[in-house]
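To keep things clear, I will list the structure first and then write my remarks on it.
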Ligand SMILES: C[S@@+](CC[C@H](N)C(=O)[O-])C[C@H]1O[C@@H](n2cnc3c(N)ncnc32)[C@H](O)[C@@H]1O
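Numbering (this note's numbering), first residue to last: 878 to 1086.
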């Protein structure tokens, strides 16, 4: 168990060594008046804590290049920058998430490069420059399964070494995992749990070439 740390302000919490804000925090309330994420990028989703826990147990080397796909507020991106000193790019289709990413990055004293893009449009070359690709709760519609599978394929073709996706266990995610398992890749699908900020369970899909 981590040491108990008193946080001197309301609506800030800590998980896996990073600080996060609830939607009641005054900065978030202010941002909400100006920027309204429209594809669910409106909080740190619970799957992001599964991703953090998994990476803590299966860490990348310090300083590697990491790209978070469908970053939202970027909890996974900020965690990798903070914990592994990773050089992180955070990708989202919805430009309205980036002010939140900026606040969470600043709160944790890290820099994360934002990239406004549909991850389905990223080339093999762009994806393959990254050592590790991560995502949490990014496969929630049927229409996302095939394009996301193609992203995994392009990333591995391009030279990426690991692709890790966390999910609460949606049917769409299992369909993606099934498709990956049919390829000649090293694929693991594991039930996982996280204990911070509170206990949560889900699944981790890891794909390696
Ligand atoms: C459920 S949220 C998860 C956010 C973050 N990963 C987390 O765990 O807190 C899904 C995010 O994926 C983004 N997204 C959905 N489809 C996308 C696409 N095709 N390309 C890039 N981002 C996408 C949404 O804008 C949203 O921010």
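Where is the CB? At the ideal position from N, CA and C, for every residue including glycine.
- Message: Any contact between the segment 981-1001 and the segment 933-953? By contact I mean 3 or more CB pairs, one from each, below 8 Å.
- Response: yes
- Message: Going by DSSP in three states, residue 1013 sits in which element: helix, strand or coil?
- Response: strand
- Grouping DSSP H, G and I as helix and E and B as strand, with all else coil, what is residue 1078? strand
- When DSSP builds the beta bridges, which residues end up paired with residue 889? 898
- Message: Could you tell me the alpha carbon to alpha carbon distance between residue 911 and residue 887, rounded to whole angstroms?
- Response: 22 Å
- Between the beta-carbon of residue 992 and the beta-carbon of residue 968, is there less than 8 Å? yes
- Query: Between residue 995 and ligand 1, is the CB less than 7 Å from at least one heavy atom?
  - Reply: yes
- Message: Using a Cβ-based criterion (distance less than 7 Å to any ligand heavy atom), does residue 917 qualify as near ligand 1?
- Response: yes
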